[in-house]
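Trainee:
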Amino acid sequence: GAVVSQHPSRVICKSGTSVKIECRSLDFQATTMFWYRQFPKKSLMLMATSNEGSKATYEQGVEKDKFLINHASLTLSTLTVTSAHPEDSSFYICSARDRDRELRAFFGQGTRLTVV
Amino acid sequence: RKEVEQDPGPFNVPEGATVAFNCTYSNSASQSFFWYRQDCRKEPKLLMSVYSSGNEDGRFTAQLNRASQYISLLIRDSKLSDSATYLCVVGGTSYGKLTFGQGTILTVHP
Numbered sequence: 865g866a867v868v869s870q871h872p873s874r875v876i877c878k879s880g881t882s883v884k885i886e887c888r889s890l891d892f893q894a895t896t897m898f899w900y901r902q903f904p905k906k907s908l909m910l911m912a913t914s915n916e917g918s919k920a921t922y923e924q925g926v927e928k929d930k931f932l933i934n935h936a937s938l939t940l941s942t943l944t945v946t947s948a949h950p951e952d953s954s955f956y957i958c959s960a961r962d963r964d965r966e967l968r969a970f971f972g973q974g975t976r977l978t979v980v
Numbered sequence: 075r076k077e078v079e080q081d082p083g084p085f086n087v088p089e090g091a092t093v094a095f096n097c098t099y100s101n102s103a104s105q106s107f108f109w110y111r112q113d114c115r116k117e118p119k120l121l122m123s124v125y126s127s128g129n130e131d132g133r134f135t136a137q138l139n140r141a142s143q144y145i146s147l148l149i150r151d152s153k154l155s156d157s158a159t160y161l162c163v164v165g166g167t168s169y170g171k172l173t174f175g176q177g178t179i180l181t182v183h184p
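In order, the protein sequence lines correspond to chains W and G.
Here the first sequence is numbered in our numbering, starting from 865 and rising by one per residue.
Here the second sequence is numbered in our numbering, starting from 75 and rising by one per residue.
1) Can you tell me which residues form a DSSP beta bridge with serine 962 of chain W?
2) With DSSP as the reference, label glutamate 951 of chain W as helix, strand or coil.
3) Answer yes if the stretch 158–168 of chain G comes into contact with the stretch 101–113 of chain G, meaning at least three C-beta pairs across the two stretches below 8 Å, and no otherwise.
4) With distance defined between alpha-carbon atoms, name the residue in G/Glu79, G/Arg111, G/Phe95 and G/Thr92 nearest to alanine 158 of chain G.
5) With which residues is histidine 935 of chain W paired in a DSSP beta bridge?
6) Could you have a look at lysine 907 of chain W and say whether DSSP puts it in helix, strand or coil?
7) Under the assumption that valine 868 of chain W contacts cysteine 877 of chain W (Cβ atoms under 8 Å), give the Cβ distance between them as a whole number of angstroms.
8) If you draw a straight line from the C-alpha of alanine 936 of chain W to the C-alpha of phenylalanine 85 of chain G, how long is it?
9) With three or more beta-carbon pairs closer than 8 Å as the criterion, would you say the stretch 82–98 of chain G touches the stretch 942–955 of chain W?
10) Just the C-alpha distance for glutamate 130 of chain G and histidine 949 of chain W, rounded to the nearest angstrom, thanks.
11) Rounded to whole angstroms, what is the Cα-Cα separation between arginine 968 of chain W and arginine 888 of chain W?
12) Reducing DSSP to helix, strand and coil, say where serine 155 of chain G ends up.
13) Glutamate 117 of chain G versus chain W: which residues are under 7 Å apart at the beta carbon?
14) Relative to the alpha-carbon of tyrosine 900 of chain W, which residue among W/Glu923, W/Ala894 and W/Ser918 has its alpha-carbon at the smallest distance?
15) With a CB to CB cut of under 7 Å and the five nearest residues on each side skipped, what residues in its chain are close to leucine 932 of chain W?
So this is what it looks like as C-alpha cells:
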C-alpha cells in the first residue's frame, strides 16, 4: 500500500485562487520531504525541499511566495499554489525518503492541477 | 552538462528482447543510485536500488561504475507490461535531494 499519500489527486481551479496540496508519510517520519513538478513528457523537476519545523529550501527559479510550503509535523507537508494562473497547470508530486528502507524515495500519487 | 543524463529513447522492442539503458551523472560525491519506473500519468515507483557490486532482481540487472560515473539497467525477456518510462535517479548523502534523469521511454510490442 501507499506509504506516502498525496491529496487531492486532481483539482481544477479558477485563475487567481489558491490551491493547497497535502503530502503525508503514512508509516514513517519524514523530516524532509520534496516537492516536484512534472510537465508532459518531461522528467521531474525539483521545486523545493520541505524541512520540518523550518523554512523550505527552494530551487533556483522557483518563486517562494508563489509556492508556499509548510512542514508543520513529521508526517505532513503542504504546498500552496497562490494566485494560480494557467501556466501553473501541471502535475505536482511529493516524496519522502525513508532511512529505514535504504533511503528509498516514496512518492505521493501526484496532483494534477488545472487552472482555468 | 546535466546532473543526470539519460538517452530519452524511445526504445521500441519486441516481446522477449533484451534492452539496456544507460545513465551518467556529474556529481562524483553522489552516494545513492536508483532506477524508478513511471507509467503514464502516475507517480514514479522504485524499480531497484543500484549497488557498486551490481545487483539483479529477476529479469532486471543494474550496474554502477563509480569511476566512470555511469549506471545501467538491463531488462531481459521483455514483457508488454515493461512498457513505461525508466528514470535514472541519483542522490547525495542522508536526506539529500534526488536528481532525476529525463527518463527513457520503453515500448514493448507483441
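Quick reminder that beta carbons are idealized off the backbone N, C-alpha and C, glycines included.
Mentor: According to the data block:
1) If you number the first sequence from 1, residue 962 of chain W lands on position 98. Just to set this straight, residue 962 of chain W is aspartate in the shown sequence, not serine. DSSP, once it has assigned bridges, lists W/Arg968 as partnering aspartate 962 of chain W.
2) Working through the first sequence from its first residue, we reach residue 951 of chain W at position 87. If DSSP states are grouped into helix, strand and coil, glutamate 951 of chain W belongs with the helices.
3) yes
4) Position 84 of the second sequence, counting from 1, holds the residue named residue 158 of chain G. Selected option, being the one with the closest Cα: G/Arg111.
5) Within the first sequence, residue 935 of chain W is the residue found at index 71, counting from 1. Answer is none; histidine 935 of chain W lacks a bridge partner.
6) Residue numbering aside, residue 907 of chain W sits at position 43 when the first sequence is read from its first letter. As written in the sequence, residue 907 of chain W is serine, which differs from the lysine given in the question. In this structure, serine 907 of chain W counts as coil in the three-state DSSP scheme.
7) Residue mapping note: residue 868 of chain W aligns to position 4 of the first sequence, counting from 1. Residue mapping note: residue 877 of chain W aligns to position 13 of the first sequence, counting from 1. In fact, because the Cβ distance is near 23 Å, the residues do not count as touching under 8 Å.
8) Here residue 936 of chain W corresponds to residue number 72 of the first sequence, with the count starting at 1. Here residue 85 of chain G corresponds to residue number 11 of the second sequence, with the count starting at 1. Alanine 936 of chain W and phenylalanine 85 of chain G: Cα-Cα distance of roughly 43 Å.
9) no
10) For this step, residue 130 of chain G is matched to residue 56 along the second sequence. For this step, residue 949 of chain W is matched to residue 85 along the first sequence. About 46 Å.
11) Here residue 968 of chain W is taken as the residue at index 104 of the first sequence, counted from 1. Here residue 888 of chain W is taken as the residue at index 24 of the first sequence, counted from 1. Between arginine 968 of chain W and arginine 888 of chain W, the C-alpha separation is close to 16 Å.
12) Position 81 of the second sequence, counted from the start, is the residue given in the question as residue 155 of chain G. It is helical.
13) In the second sequence, counting from the first residue as 1, residue 117 of chain G sits at position 43. Under the 7 Å cutoff, chain W gives Ile957, Phe971, Gly972, Gln973 and Gly974.
14) Here residue 900 of chain W corresponds to residue number 36 of the first sequence, with the count starting at 1. It is W/Glu923.
15) Within the first sequence, numbered from 1, the residue matching residue 932 of chain W stands at position 68. Answer for leucine 932 of chain W: Thr944 and Thr946, listed in chain order.
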